[in-house]
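If you count the sequence shown from 1, position 266 lands on 1478 in the working numbering, and the numbers rise without skipping.
The C-beta atom is built at its ideal place from N, Cα and C for all residues, glycine as well.
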Amino acid sequence: MPLRTAAQYLESLRDDRLVYYRGERVADVTAHPELGKGARHCAIDYAIADDPRHRDLVRYTEEGRELNRFYKLPRTTEDLLRRREMIAETTRAGRALIVLIREIGSDFLAAGHIVTRAMQERLKAPYHDRLRAYHRYVAENDLAMGVAQTDVKGDRSRGPSEQEHPDYYVRVVDRQTDGIVVRGAKAHTTNAIFANELIVLPPRAMGEADREYALSFAVPVNARGLKFIASPFSGGGDSPIDHPVSSRHKVADTLTIFDDVFVPWDRVFLCGEASYAGAFALGFVEYHRFTAISYKLPLLDLMIGCALLAADANGIAGAGHVRDKLSRLIAYRETVRALTVAAAHECTLRAGLAVPSTTVTNIAKQYFAENYHAMVQKVQDIAGGLIVTGPSEEDLKNPETKAYVEHYLGGKAGFGSVNRLKLLNLIRDYFASSFGGYHELLAIHAEGSLEAQKITILRGFDTSDAVAFAAECAGVDLPPAR
């Protein structure tokens, strides 16, 4: 099949999927006044693939078929760098908001390829054959994919099988000749209501007592028993002047309910092999955090651009403290970029695939997250208080107030009041609003918490050379390694 157009993608979402928003059933996510923004935002991924300017970046040919490059398994550093560029370009087309309708699903396809191959070789189970067939299916039909990994967890001091409620983690409740039946819920499922397929994988390592929770599978988003309760907290206003990004672009996170969902065996990639649950979870985040640091760069470019324009509009571009803030913003951006490139260049090969450096990727993600709020503060400081105290679009339209707004809110000569207000509104939308608050929380928790990155960095770094060097300098004899 040829690659789908944006219109064909949007039409595919009208399939009676079961979505709730603010307590009401949503008949059509593409026509809903709020969720429709998210559907059209996700359609950017299809529109950009149809744009002649991006065809070489977004498309590739395999066995005579033209496919979207997101489905290409990365086998070299160059593949990882092209993927990074494609993620950044798609995010830039979304006005610095990631589209996340194929990125996360293809992260799973790569990680799943490695883990299921190892399972099939050791256990003689057909999981790898199933995943390869599923990969061909989504690639050849140009399908959008969501991923559900994080279970609701209940009491986090307890494992899946130790919970008071047995469904705090998604589990198998019935095994049948033609498939399994699963029950439970996943949280923080991003853009799944705008996908065609939902992929599920475990969130953590598990022991034998948790074997019913050691699960990975894929189902159509309109599968019977699959229900989505969409969060209302990731959007903005409706005015394209007051809310220049959030009025047009949106992601939607859901509480995803598996109410006895049937999954055919050919769509099951892990079922009860508890010792592989951790490999699925960790393998996925190795790719997903590389995706994360790749899509941050357009946002950091937006930060720098806003700060530069605000400094110019306010007539303070030459002030020492402003130049200091701008240099910090640029250094922040370039550090994340350099670490992302380094992670690709220092990749390792597993099962024939290139895996970005786990340590470098997590350092980049941690550095971005720990410094994001401080960098937002610098943009806010340069822009000034008008980002939250300025007049609205209605005041520009009201003939009784329009002239006052235009007369009194001009900035540096040549930077008119309307342009200045538009710029301040963009800064407020991204860095001083509920939409901005959503992004500040994502900086901490999306793709794994700060603590998760610290653990991974400590686990992944080989300390032996550093310890041996320190011992040599101190003249200390080290005890034999155990």
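First and last residue of the alpha helix (DSSP H) that includes residue i?
i: Glu-1684; result: 1676-1686
i: Ile-1639; result: 1629-1643
i: Ile-1453; result: It is not in any alpha helix (DSSP H) - Ile-1453 carries neither H nor E in the DSSP assignment.
i: Ile-1405; result: Premise fails: Ile-1405 is in no alpha helix (DSSP H) and is neither H nor E.
i: Val-1311; result: Here Val-1311 belongs to no alpha helix (DSSP H), and DSSP marks it neither H nor E.
i: Arg-1671; result: 1662-1672
i: Arg-1535; result: 1532-1557
i: Val-1463; result: It is not in any alpha helix (DSSP H) - Val-1463 carries neither H nor E in the DSSP assignment.
i: Thr-1601; result: 1598-1601
i: Tyr-1650; result: 1646-1657
What are the boundary residues of the beta strand (DSSP E) that residue i is part of?
i: Ala-1486; result: Segment: none, Ala-1486 is in no beta strand (DSSP E) and carries neither H nor E.
i: Val-1567; result: 1565-1567
i: Ile-1441; result: 1438-1442
i: Val-1238; result: 1236-1238
i: Val-1241; result: Run containing Val-1241: none; DSSP gives neither H nor E here.
Please report the distance separating the alpha-carbon of residue i from that of residue j.
i: His-1533; j: Ala-1615; result: 33 angstroms
i: Gly-1248; j: Arg-1423; result: 39 angstroms
i: Ala-1576; j: His-1400; result: 22 angstroms
i: Glu-1297; j: Leu-1654; result: 21 angstroms
i: Leu-1511; j: Ile-1542; result: 12 angstroms
i: Thr-1288; j: Asp-1524; result: 43 angstroms
i: Arg-1535; j: Ala-1529; result: 7 angstroms
i: Gly-1672; j: Phe-1681; result: 19 angstroms
i: Asp-1472; j: Tyr-1381; result: 13 angstroms
Closest to residue i by C-alpha separation, out of the options, would be which residue?
i: Ala-1421; options: Gly-1484, Gly-1495 and Pro-1456; result: Gly-1484
i: Ala-1554; options: Phe-1445, Arg-1334, Ile-1313 and Asn-1574; result: Asn-1574
i: Lys-1284; options: Tyr-1272, Gly-1276 and Leu-1509; result: Tyr-1272
i: Val-1433; options: Ser-1224, Pro-1692, Ala-1658 and Val-1679; result: Ser-1224
i: Phe-1320; options: Arg-1229, Thr-1571 and Pro-1414; result: Pro-1414
i: His-1461; options: Gly-1437, Ile-1256, Cys-1685 and Gly-1235; result: Ile-1256
i: Ala-1550; options: Phe-1502, Leu-1520 and Ala-1563; result: Phe-1502
i: Ala-1464; options: Leu-1269, Trp-1477 and Gly-1448; result: Gly-1448
i: Gly-1396; options: Leu-1438, Ser-1369, Ala-1407 and Asp-1367; result: Leu-1438
i: Lys-1365; options: Asn-1353, Arg-1383 and Val-1350; result: Arg-1383
Check the C-beta distance from residue i over to residue j and give it rounded, since I have them as a contact under 8 angstroms.
i: Ala-1300; j: Asn-1280; result: About 16 angstroms; that fails the 8 angstroms criterion.
i: Ile-1411; j: Phe-1440; result: Their Cβ separation, rounded to whole angstroms, is 15 angstroms, which puts Ile-1411 and Phe-1440 out of contact at 8 angstroms.
i: Leu-1621; j: Leu-1633; result: 6 angstroms
i: Lys-1624; j: Asn-1526; result: 7 angstroms
i: Val-1394; j: Phe-1470; result: 5 angstroms
Can you check whether the C-beta of residue i is within less than 7 angstroms of a C-beta belonging to chain C?
i: Arg-1226; result: Absent here is chain C; the protein component of the structure consists of one chain.
Quickly, what does DSSP pair residue i with across the bridge? List them, please.
i: Ile-1575; result: Looking at the DSSP assignment, Ile-1575 forms no beta bridge with any residue, so it has no partner.
i: Gly-1371; result: According to DSSP, which records beta bridges pairwise, Gly-1371 is partnered with nothing at all.
i: Leu-1410; result: Gly-1358 and Val-1431
i: Pro-1168; result: One cannot answer for residue 1168 here, as it falls past the ends of the chain, which runs 1213 to 1694.
i: Asp-1689; result: Asp-1689 is not bridged to any residue.
i: Asp-1386; result: Val-1393
i: Leu-1279; result: Tyr-1272
i: Tyr-1233; result: Glu-1236 and Ala-1442
What I want to know is whether the C-beta of residue i ends up closer than 6 angstroms to one or more non-hydrogen atoms of the ligand ADP.
i: Arg-1295; result: With respect to the ligand ADP, the structure shown offers nothing to examine, as it has no ligands at all.
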